[in-house]
Each structure stands twice: as structure tokens, then as C-alpha cells.
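Chemist: Below is one structure. I have some questions about it.
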Amino acid sequence: MANPTDSLDPLFVPVRRENGEQERISRPALSAFQDSWRRLRQNKAAVISLILLGIMIVLAIVGPWLTKYSYAQTNYSAVYQSPSADHWFGTDKFGRDQWARIWQGTRISLLIAVLAAALDLVVGVAYGAISALKGGKVDNVMQRIIEILIGVPSLIIIILLMMIMKANIFTIMVAMSITGWVGMARLVRAQILKLKQQEFVLAARTLGTSNTQIIFKHLIPNTIGMIVINTMFTIPSAIFTEAFLSFIGLGLQSPQASLGVLIHDGFQTLSSHFYLLLFPALVIVVIMVAFNILGDGLRDALDPRMRK
Amino acid sequence: MKRYIAKRIVYLVLTLFIITTATFFLMKNLPGTPFDEEKLALLTQDQRDQIYASYGLDKPVIVQYVNYIGNIVQGDLGTSIYYTGQDVKDIIVDRIYPSALVGLQAILLGTVIGLILGVLAAYRHNSGWDYAAMIVSVLGVSIPNFVLAALLQYYIGLKWGILPVAFWESYDSSVLPSVALSFGVIAIIARFVRTEMLEVLQQDYIVTAKAKGLGQMAILSRHAVRNSLIPVITILGPIVVNLLTGSLVIENIFGIPGIGSLFVDSIKTNDYATIMGVTIFYSAFYVVVMLLVDILYSLVDPRIRLGSGRE
Amino acid sequence: MKKKGSLSLLALMLVFSVVLAACGNNNENASGSSSPSASAGASGSAAPSGKPINLYVENEIKNLSQWAASDDISFTVLNNVSEGLYRLDADNNPQPALAQDVAISDDKLTYTFTLRDGIQWSNGTPITAADFKYAWLGEMNPTTATNGYSFILTDYIVGGAEYAAGTGTADQVAIEAKDDKTLVVTLKQPTPFFLRLTSLVPYFPLNEAFVTSQGDQYGLAADKLIYAGPYVLESFDIAAGAVLKKNPTYWDNSNVKTDTINLKVIKEQSTALNAYKAGQIDRVTLASSDVDANKSNPEFGTGIKFRTTYLQFNTKAEGLSNVNIRKALSLAFDSNILAATILNNGSSGASGLIPDLMSGDGTKTFRELNGKVIEANIEKAKELWAQGVQELGSAPKLTLLIADTSEVKDVATFLQSEFKNNLGIDVAIDTKTSKARNELMDNNNYQMAVTAWGADYDDAMTYMDLWTNHTPYRGNYESSEYDALIANAKKETDDAKRADMLLQAEKQLVDTDAVVAPIYFGGYSFLQKSNVTGLIYHPYGNPVEFKSAVAQ
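Chains as they are written, first to last, in the UniProt record's numbering: chain A, 1 to 308; chain B, 1 to 311; chain C, 1 to 552.
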């Protein structure tokens, strides 16, 4: 397995670069954003998803105020009420209004989702890209670090964190940032390992394109599909990780709620009060379906090869 | 390649050593003792000290560490305190089989269905198939598997009586938990295969293959699927490790005597030897799978070379 | 390309098959020990036998070595495969078991037990008084016993505490095996419940020759134990469960009507309910949310446990050092609401620290004697709170420490809402794993915590004694009056006077000093198949008796 670039180098003399030559525009001048936006708008499903997501976000913001009940207000004479005109999504075992709790919880879960996605996109993508591009020793060390992070039981670290930090969203983020980005890093690394030996990257290199430019102009755009999809998996898993962390005491404390916590609680009463699980699960599913269709649309819009 | 693998194995041992060391010292900082503190509170300090001493817990942590490393080099993982006197190696060996069987079935089932769904979705891009596959995937990840497990148990186990509700008594007992676990795998595999296939199908060599007059099935199976495997392998690596080493929730729901709950319980009860034993077992499995994944990369796509670092 | 393609798939399959092979090795091992085998069983008596009974436990069977076991599940198994001098009957009264009878001296300090004739271990060795002495001394000795239960012997038996602490010798412990049939024990103080104590697992006998021959393997498997109880273990797997078979060498085996009892491990309540409905188990404990749906079922029943959940105030913590603040919090929640709507499982709102039905002076129960020492009174709570705030200068910021179990979380949420509604204060909840919670409490790093104590024996002393050690875990409570009441009660020979002191102690602890605020008395709801009879559940100590159980 000889390195093809080794044999190519003496044969090819780099062309003297003309300004703009390598990225010559062959289509109407639209900025990348305009172009993507134009193509996204043509995708009906994506537009519907965008609207649906918008509604969810608006409900997460104003939802708790649409009912006269507060998410924390208990009422022991109205426990386990089925959905009704009074309590739209029913009440839980403490007589708290589920509608208010679900939107209050959506607020928190969306925040967790955004934070987890950001962590994935920033740390995960960068870590994976550097590891794959640098290759050799650097890759080896960086991958071994990942293995060590995964190998040391995270529950031990979580319990130790719990002893020194207050339970809040920030602590959840700290706990998640230990290994939350690892999946993305490994995936981006694998994609870039594959891409960096492909003809177009070799061509770019031969043309003298800098590393940074290769990453941002060639490698990342060609990995974007994977990145989007993986983010879609990070989000629900972050939402449920939060529920677990909250349960053992690292995260939100009662009377606060999140979608993950509501689903967990709803599960306890699955056989007797199904609606307590149904509504928060529906919210999460709607959000995730919308995210995914939008993600697919975005990917199609952003991916240079999907242009038709 | 041989040299690369040899080098990786050296690193593998080193990685395991670092994990073992880090876990050991972190674990010793966990709050509490491995004993029932409320009962110990009723004893005198001397009595408590003697109980600690009988497990060697009175010595400085560094001495305990050296002793422990000495023991594992000789293949002795120590004895559990929580499950008094049980050999940690025996506990792991006894409990890995149910977890591994359920996990393996879930992976095989999930991978096969996931691959089919993913290929279909990509091949019929933006069709009903595509959306159906996506919704299955979204449900697979946004509905926690314990909900699915409970529904399977209630309907298939109890209402229709097709399979056992719970317990680990015959092969049938492993079916429902495997199905419950496979949904997550289906979801992930289907989505990644679809995405990667969509990209692969745009590539020049597919166009070439079409131009050559190759049939659709041939294109799919020879070129497209194979070239979509890199992300699948990457994703499957950790999934294999996690599923074969058991799922706490699924094992609890189906009453499976697996290893999933052992790990969490051992940490929550400060059962030091068990924590270490399971950690070493899990990490060794993980690093070996990661090595296999890297080797598989270059088998699937010979252009990927991991050994050389010069770029 | 084609060849390489199949190669990569081959490689994938290889990974799977290697793993499969590695796991396959233990196939027989694991399934062999967990699957119940045919119920051939050795039945020594001609008594007609009932069907196998299938029951479950809610967690793993951690260990079956008597000196190591300290949890309900291990006790459940041990109580049915072994036996003490006495065994509790259906009314929780001690009945002679391995002992035939006992002679108690007039000063109530010396107990002379006479063992039954012909009792033997399952390996044929006779059970002798020496077996009891050996087991009891071993439990007291911290180098052999690690379950922390030595107090349940050393608190009563002369010389025990000194031996346990290493200041006395085994010879000085007042347990004497006069001959094979006679065991003489001398107590430090009159102990009206001593016969009940002898029904507990730490008081069971152990055969020295057998225990020594097994070394550190003792109790790790069914064949590493010998049995003195109504059943023997046929197999036992920590995580899967145990199979119990009728013990042909048991002295009372003609009254054991069931050949096989299968004990499974089910950790998830919903799973247990499904398994019950599917006919795989004969009894199930219900989750509170399932109670309403099953209340009208003729198989439904409830029971109680001697287990009080209470709020422990740290009397040295900021804000809670003020007794009026503590009292205000104690009176500000109505635990009957908690028990009726949220727990809804047979638990009841606490009217004191000592649970309902626990014995008092021998004729009446403790609760009948002491009445309500705590009852919600919102008006008074508000008044006391205002008074406390005035004394402190400002309203204290409060945090409630809890462990991470679902039930305790519900209790905490309830208390939080009651404090908010009734006192208008925001109490933060701090959840920790139980080990972390214990450490915070031991380190005096908490204000108030939800705690529970399950009775070891049927006497108020099992609770009242806890607050005499002045530790942070017990709220740093230090009261010479309280200590004196307990110390005197321990010496008192007159049951009525003794009870009176304990009644006063409870009032002082809960009402006058408001060190603890009792929340609820534990209970449970269950379904039990109508063809199963004779299962006896005790509210304390050994949880359940299979001896008389029979399935038609």
C-alpha cells in the first residue's frame, strides 16, 4: 500500500495559482446561505417541519401561561385526572397540571438539546477532524484518550461531581461534556479518514489548498450528512441522559420537570394512567420528527453534491 | 498492517492500565463504605475498623492499589463485598451469558432490518418508504426502549401469551428483550445507511457502473452498500460493546440475570472489587472492538491507512 | 471489488461469531442454575403435598452466610432454610422451634433453653447447644461477622459487648452450652422481647465443623450450606433466584405441606404484576398507581411493616437549631394526605415515631398507650414559624436532603409542596445516592433529611435507642433527660414502668424537642392467588414464613 501522493508528487508540478481560479463560480452568484435557503424552501416537508418546530418552541415559551395552573402547584384533591377541559393533558399523582408541566419541561429539554448539539458540533466535530487529518501518532493518542474516557465508568465521575457541585443545568452540562461528544468525534474521524484519500482532496492538495481550507471547503461539507444525522441521535439521548442524571440527583430537582423526567414518571404509571406517558412522548416524537425532516432537508440543501 | 496491529496492542495494554488506575483512585473517593452504614453506626469504632481490616480496606489507598494490580496480574479479580465472598470473576462469567445473548440477537436483528430499511429509504429517496423508515427511526430513538419493552411484555407476553412475560428460563425468554433492544439499533443503522447511501449513489463510480449496464441489485450490493459501511461500522462498534454488556433497564424489566444491573449496583454500593472487575472487562472489550473497527476500515476501504501519519 | 466486499462482511460476521463463541461457553452454566428443575424432591414424610409455590424477591439474593447477611431478602431465604430457638407464628408471637421450652429466672436475666430431641442438620449431624454458642459468638466477633448486626446480641448478653470490642474474651460471654440439649444465656438487663430476638437470623445456629470445612466458600452456593429449617436450598443464583425443597430432616416436617418453592428475582414492579397476571408467580406487591385498579379484586390485600419514615432535623444546623422552626415544620404537613393519595399502598400517616401495632406494655400496643404525638396543625405551625423567624432574626433558607429512590422522592415533593402551601416557604430538595446521602449526614453536612428505620424487633427500644449516640446522623441530638429515660428503661424490670419511660421518651423526641418529624408508617398492598394459603408475613425481622404455605 504505497502512498499515492508519494508517487504523484514528482510527476505533478503545482500549477501557479490564479486568484479565484480554484473556486471559480459556475453558477449564478448566490451566497451559500441564500442558495441553501432557496433549496430548503422548495422542500415542502422541511417547511412544514420548520413551522411545526416553531409552534413547539412558541408553546414551550408561552404554553405554561396558557392555563391557569402553575407547573408546580399541587392539588391533592385532583390527582390522576384524565385530560379534560380544565386540565388539558390531565394531572399527575400530585394533582399538578400536565399541560403546564409538559411545556415547562419542553423548555428545559430543548435547552438541553441545544447545548448537547452544540457540544457535539463544536467539540466532537473538531476532535474527530483533527484526529483523522493529523493521523499517525496524534490520531493514536487522541483515540486512546477517547477510550480512557469511555473506559472509566461515568457513573463514578457523576457521583463525585454530585458531591462537589450544585444540582443544576450547568452541572448536567459538565457531566455530559465528559463523553457526550465521543460518538460524533469517532464518526467524523471515520468519514474524514475515508475522504482524505479521495481524489478530490488529493486534487485540492495538489493545487496547494491549505489544511484549513481543505477541512472547511471539502471535508466538513462532505461529512455534513453524517454530522446532521448524528446530532439527531444526540438530542434524544441527551434528553434521556438528563432524566437519569436528574433522578440520581445531579440535575433538576422537584418541582422542576423536563420531558425526560415526565416520560420516566409516566412510565411508572403506564398501565393505569397511560396519558401521563403519552403526551410527553408525543411532544418528543413530534419535535424529533420535525428535527429529522428538517435535518434531511438541510443536509440536502447544504450538501454540494445534492445540487440538481 | 502486522506492525500496526502489534503497535496497537501495546497501546491497548497501556490504555487499559490507565483506565484501571484512574478508576481505582476515583472509586476510592466515592462517598460511603461498601457496608450497611446504618448498621455499622451501631457498632464501636474499633469494631468498624476490624470489619474494614478484614477486607484490607484499612491500608493506605496506594498500598491497596499495588496489591490489587499484583492480584490482577495473577488473574485474580478479588471477591465481592456486596455479594459477600463471591468471586468477582465468577459473578461476571455467570452473568455475561444472558446479557450477551440478548445483546447479540438485538444487534443482528437491528443491523439486518436497519440495513434493509436504510437501503430502501435511500433508493426510494423522498418516497413513502423514505418517510416510513425515518419515522421508524425517530420512534426508535425518541421513545425510550423501556417503554417499548413494557408494551411488548404486556401485549405479546401477557395479552396474547405468545412469549414469556419475564424470567430467564428458556431460549424464548430472550426474544422479547432482544426485540426491545433492537429498535434502537434499527433506528441508528437505518438512518446512517440511508444518509451514506444517498451520497454514495451520487458518486462517479456508481454512474460508471450504471453506464456499464450493471443491474440495480448489483450496483446496490457490490458498490453502494459496501461503500456505505464505514459509518455503520463506526456506529456499531460502541453499540456492540454496550449491548453485549447488558442493559440495566431491559434486564430489570424482563427479569434477566444479566450484567447490566451489576455494574450500576456495584458503583452505588461501593463494591470495589466488582466495580474494578466489570470496568476492566468492559474496557478491554471496548478497546479490542475499537481496534477491530479500525482494522475493518482498511478492509472495507483500502484507501484508508491508519499506520502512516505523514500528510 | 466483489471479493473485498464479501471480505468486509466476513470480517463483521467474524466479530460477531468470536463474541458469540466467547459467550457460549457459559451457556449450560447459567441456564442450568437458573432454571427450575423437575420437582422430584426428597420428601421424608407421607404428608400430602401441595403444588409448587412461585414467589419473588425485589432484589438480588446477596449472600446466605448468616454472619454477612443483613438485608430482608437474604433473611427471607435464611429464615426458611434455617431456624432459631423460637419462630414467630401468624400473630407474630414467638413459638418454640428448635427449642422445646425455656426457663426464665425470676430476675428475668437468665434464660435456660432446652432443645428438642432428635433435631438435626440436613447432613444428619445433630443440632446441639454448642451450635448456637458458636454462631452467636461468631456474630459478635467483628473479624468473622461483617453484617454489622452484632449489636443485636451484644446489647443484651452479658460479656458480649466486651468480647466484640476486644476487651473481653469469648469465655466471659454468658452463653453456656451446658450439655447438647441445654443452652443457658444471661442477659445484662431484663428484656421482655428476648424470645422474639431468638427468632432472628443472627440468633440461628451454625455447625462449627461444617462452617470451618467450607472456609471462605461457606454460603456461596446451595451445597456450601447445611440446613436446619423447614426447607433446604436446591439451587441458588444471586441474580436469578433460588429453589427451595422440603427438608426431610426437619423436626416438624409433617407440617410442611409444600415440596417446592421457587423464588425468583424481579426488580421491576410492573414486571411482577404482569408475571402474576400471567400465572408465573402466586403473589405480587403492588405499585401505588396499580392499587386503585385492583382494590376490588378478591385477591387484594394489605399489610404493614414496622418501618417509620421520618424527617430527621439536624439540631446543630443553621435555622434548625431553633426548636420552634423544627416544630413548625413538624406540624406543617398532613401526612394522611400523603398516605392516602400518593403512597396509597397500605401505608398510614404517622401519629408518632413508633409504628402501629408495635407492642407497648405487654397488654396494649405502644400507639394505644401514647396516642398521637404528632398531628398536622397549620395554624399553630404558622405561629411557631413566625416565632422562630423572630428569634432567628430572619427566615432560614432550607434544603431537604433525600436519597434517590422513587418513594422518597415522592415524599420530598409532597413535603416541599406542603411547606410552600402552609408556611409559604420554598424548600429546596437535594437528591443524592444513598451512600452520598449517608456520608453528608455523617459529616454533619445537612439541615434535614428524609430517613426511615425498620424495626429489628417488636419493641419501641429498636427506635428509641438510636438517638442516644449523639451523632450527626441522628441530628446531633443530645439530651441528658432523654438519655436517662432510655438508660432507666433498659434496667427496669416492671413492664408497665418500662413502657412508661419509653412513652415519655417518644413525646420528648417528637413533640417537646422536635428532633424528628414522623411522616408515615410503612405498608404494602398485594395480590395473592386464592389457592395459596398459609404464607405468613411479619411486620419486622424475618419478613416471611413459607413453613405453613400450601397451594391447592
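C-beta atoms are modelled at their ideal positions from N, C-alpha and C, and glycine is treated no differently.
Can you tell me which of S228/B, V288/B, F285/B and M276/B puts its alpha carbon nearest to the alpha carbon of A122/B?
Modeler: Translated into the one-based positions of the second sequence, residue 122/B becomes position 122. That would be S228/B, whose Cα lies nearest to the Cα of A122/B.
Chemist: Do three or more CB pairs link the segment 308 to 321 of chain C to the segment 483 to 494 of chain C at distances below 8 Å?
Modeler: No, the segment 308 to 321 of chain C does not touch the segment 483 to 494 of chain C.
Chemist: Taking 9 Å as the CB-CB limit, is S525/C close to chain A?
Modeler: Taking the third sequence and counting its residues from 1, the one referred to as residue 525/C is at position 525. No, no contact with chain A.
Chemist: Rank A165/C, T433/C, P94/C and D223/C by C-alpha distance to the C-alpha of N542/C and give the top, closest one.
Modeler: Stepping through the third sequence from its first residue, residue 542/C is reached at position 542. For the residues A165/C, T433/C, P94/C and D223/C, the minimum Cα distance to N542/C belongs to P94/C.
Chemist: Tell me whether the segment 259 to 270 of chain A and the segment 139 to 149 of chain A touch, counting them as touching only if at least three CB pairs, one residue from each stretch, are closer than 8 Å.
Modeler: Contact between the segment 259 to 270 of chain A and the segment 139 to 149 of chain A is absent, because fewer than three Cβ pairs lie under 8 Å.
Chemist: In the segment 153 to 169 of chain B, which residues sit with their C-beta less than 9 Å from some C-beta in chain C, listed in chain order?
Modeler: Within the segment 153 to 169 of chain B, the qualifying residues are Q153, Y154, G157, L158, G161, P164, V165, A166, F167, W168 and E169.
Chemist: Which residue marks the beginning of the beta strand (DSSP E) containing L233/C, and which one marks its end?
Modeler: Position 233 of the third sequence, counted from the first residue, corresponds to residue 233/C. L233/C -> beta strand (DSSP E) spans Y231 to D237.
Chemist: What residues of chain C sit near L40/B, judged by a beta carbon separation below 9 Å?
Modeler: Reading the second sequence from its first residue, position 40 is the one you call residue 40/B. Chain C residues near L40/B: G148.
Chemist: Keeping to the same chain, check which residues put their C-beta closer than 7 Å to that of A170/C; ignore five residues upstream and five downstream.
Modeler: For the purposes of this step, residue 170/C is taken as residue 170 along the third sequence, with counting starting at 1. The answer, listed in chain order, is L137 and Y163.
Chemist: Under the three-state reduction of DSSP, which class applies to N227/B: helix, strand or coil?
Modeler: For this step, residue 227/B is matched to residue 227 along the second sequence. It is helical.
Chemist: How would you label K295/C, buried or exposed, when you count the other beta carbons within 10 angstroms and need 16 or more for buried?
Modeler: As a first step, residue 295/C must be located in the third sequence, where it is residue number 295. Exposed.
Chemist: In chain A, which residues lie less than 8 Å from D442/C when you measure between Cβ atoms?
Modeler: Residue numbering aside, residue 442/C sits at position 442 when the third sequence is read from its first letter. Simply none; closest approach about 13 Å.
Chemist: Rounded C-beta distance between Y446/C and W467/C? I'm assuming under 8 Å.
Modeler: Taking the third sequence and counting its residues from 1, one reaches residue 446/C at position 446. Taking the third sequence and counting its residues from 1, one reaches residue 467/C at position 467. The Cβ separation is near 16 Å, so there is no contact.
Chemist: How is M358/C classed by DSSP in three states: helix, strand or coil?
Modeler: Position 358 of the third sequence, counted from the start, is the residue given in the question as residue 358/C. Note: M358/C maps to coil in three-state DSSP.
Chemist: In whole angstroms, what is the alpha-carbon distance linking K491/C and R498/C?
Modeler: Position 491 of the third sequence, counting from 1, holds the residue named residue 491/C. Position 498 of the third sequence, counting from 1, holds the residue named residue 498/C. Each residue's Cα considered, the two are about 8 Å apart.
Chemist: Which class does G241/C belong to by DSSP, given the choice of helix, strand or coil?
Modeler: The count along the third sequence starts at 1 and reaches residue 241/C at position 241. Looking at G241/C - three-state DSSP - the assignment turns out to be strand.
Chemist: Consider the Cβ of I374/C: report whether some Cβ of chain A lies at a distance smaller than 9 Å.
Modeler: In the third sequence, counting from the first residue as 1, residue 374/C sits at position 374. Not an interface residue.
Chemist: Let me confirm a value: L43/B is counted as buried when at least 16 other C-beta atoms fall within 10 Å, else exposed. Which label applies?
Modeler: In the second sequence, the residue the question calls residue 43/B occupies position 43. L43/B comes out buried.
Chemist: Could you compute how far the alpha carbon of L40/A sits from the alpha carbon of A46/A?
Modeler: Indexing the first sequence from 1 puts residue 40/A at position 40. Indexing the first sequence from 1 puts residue 46/A at position 46. Distance between the alpha carbons of L40/A and A46/A: 7 Å.
Chemist: Do the CB positions of I61/C and V81/C come within less than 9 Å of each other?
Modeler: For the purposes of this step, residue 61/C is taken as residue 61 along the third sequence, with counting starting at 1. For the purposes of this step, residue 81/C is taken as residue 81 along the third sequence, with counting starting at 1. Against a cut-off of 9 Å, the Cβ pair of V81/C and I61/C comes out as no contact.
Chemist: Can you give me the start and stop residues for the alpha helix (DSSP H) that I51/A sits inside?
Modeler: Residue 51/A sits at position 51 when you count from the first residue of the first sequence. K44 to L66 is the span of the alpha helix (DSSP H), which, as asked, contains I51/A.
Chemist: Measuring straight from C-alpha to C-alpha, what distance separates A549/C and N531/C?
Modeler: Locating residue 549/C in the third sequence gives position 549, where the first residue counts as 1. Locating residue 531/C in the third sequence gives position 531, where the first residue counts as 1. Near 10 Å, if we compare the C-alpha coordinates of N531/C and A549/C.
Chemist: Taking the straight line between their C-alpha atoms, what separation do you get for R95/B and G50/C?
Modeler: What you label residue 95/B is simply residue 95 of the second sequence in a count that begins at 1. What you label residue 50/C is simply residue 50 of the third sequence in a count that begins at 1. So the alpha carbons of these two residues sit roughly 33 Å apart.
Chemist: Quick one: grab the DSSP three-state call for W453/C.
Modeler: In the third sequence, residue 453/C corresponds to position 453, counting from 1. Note: W453/C maps to strand in three-state DSSP.
Chemist: Between D465/C and L415/C, what straight-line distance do the alpha-carbon atoms span, to the nearest angstrom?
Modeler: Position 465 of the third sequence, counted from the start, is the residue given in the question as residue 465/C. Position 415 of the third sequence, counted from the start, is the residue given in the question as residue 415/C. So the two alpha carbons sit approximately 27 Å from each other.
Chemist: Name the two residues that bound the continuous beta strand (DSSP E) containing F419/C.
Modeler: Sequence index remark: in the third sequence, residue 419/C carries index 419 (1-based). Here F419/C belongs to no beta strand (DSSP E); instead the alpha helix (DSSP H) covers S406 to L423.
Chemist: Using 8 Å as the Cβ pair cut-off and three pairs as the minimum, do the segment 353 to 370 of chain C and the segment 495 to 514 of chain C touch?
Modeler: The segment 353 to 370 of chain C vs the segment 495 to 514 of chain C: in contact.
Chemist: Using only CA atoms, which one of D513/C, N63/C, N444/C and E418/C lies nearest to Q217/C?
Modeler: As a first step, residue 217/C must be located in the third sequence, where it is residue number 217. Per the Cα distances, N63/C.
Chemist: For A460/C, which residues in the same chain have their Cβ closer than 6 Å to its Cβ, ignoring the five residues on either side in sequence?
Modeler: In the third sequence, the residue the question calls residue 460/C occupies position 460. Excluding residues within five positions, the ones whose Cβ falls inside 6 Å are I354, F366 and L502.
Chemist: Could you check which residue in E199/B, R194/B and V193/B has the C-alpha nearest to that of L195/A?
Modeler: The sequence position of residue 195/A within the first sequence is 195, counting from 1. Looking at the Cα atoms, E199/B is the closest of the given residues.
Chemist: May I have a chain-ordered list of the alpha helix (DSSP H) segments no shorter than 4 residues that lie completely inside the segment 198 to 254 of chain B?
Modeler: Counting only runs of 4 or more, we get 204 to 212, 229 to 244 and 248 to 254.
Chemist: Could you have a look at K59/B and say whether DSSP puts it in helix, strand or coil?
Modeler: Position 59 of the second sequence, counted from the start, is the residue given in the question as residue 59/B. It is coil, neither helix nor strand.
Chemist: Could you check the C-alpha separation between G110/B and V185/B for me, to the nearest Å?
Modeler: Sequence index remark: in the second sequence, residue 110/B carries index 110 (1-based). Sequence index remark: in the second sequence, residue 185/B carries index 185 (1-based). For G110/B and V185/B, the distance between alpha carbons rounds to 5 Å.
Chemist: Show which residues of chain B have a CB atom less than 7 Å away from the CB atom of V289/A.
Modeler: In the first sequence, residue 289/A corresponds to position 289, counting from 1. Under the 7 Å cutoff, chain B gives I135 and V138.
Chemist: Just list the alpha helix (DSSP H) runs in the segment 147 to 224 of chain A, keeping only unbroken ones of 4 residues or longer that don't cross its boundaries, in chain order.
Modeler: Within the segment 147 to 224 of chain A, the complete alpha helix (DSSP H) runs of at least 4 residues are 154 to 164, 169 to 179, 182 to 195 and 199 to 206.
Chemist: Measuring straight from C-alpha to C-alpha, what distance separates K246/C and N54/C?
Modeler: By one-based count along the third sequence, residue 246/C stands at place 246. By one-based count along the third sequence, residue 54/C stands at place 54. Going from the Cα of K246/C to the Cα of N54/C covers about 14 Å.
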